[in-house]
Amino acid sequence: MDKWVCTVCGYVYDPEEGDPDNGVAPGTAWEDVPEDWVCPLCGVGKEDFEIM
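This is the structure:
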């Protein structure tokens, strides 16, 4: 699975790790991350992420 990087702060979303502190279980593909999820570091939405 591909990793995605926040273009604002550089946070990397790794599907193998997910974001369990914010309700995204490990193993969750980017396509399956909820549309209302936001970057845990800077708060921007999925539209501000690019594939690595």
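Take 52 as the starting number for the sequence shown in the working numbering and just add one per residue. For glycine and all other residues, C-beta sits at the position ideal for the given N, C-alpha and C. Keep in mind it's a predicted model, so treat the numbers as computed, not measured.
1) With distances taken from CA atoms, which of Glu68, Pro66, Lys54, Asn73 is nearest Val89?
2) Which residues in the same chain have their Cβ closer than 8 Å to the Cβ of Asp99, if we skip the five residues on either side of it in sequence?
3) Drop a sphere of 10 angstroms on the beta-carbon of Glu83, count the other beta-carbons inside from all chains shown, and report buried for 16 or more, exposed for fewer.
Taking the geometry as given:
1) Asn73
2) Cys57, Thr58, Val59, Cys90
3) Per the sequence shown, the amino acid found at residue 83 is Asp instead of Glu. When all chains shown are included, Asp83 counts as exposed.
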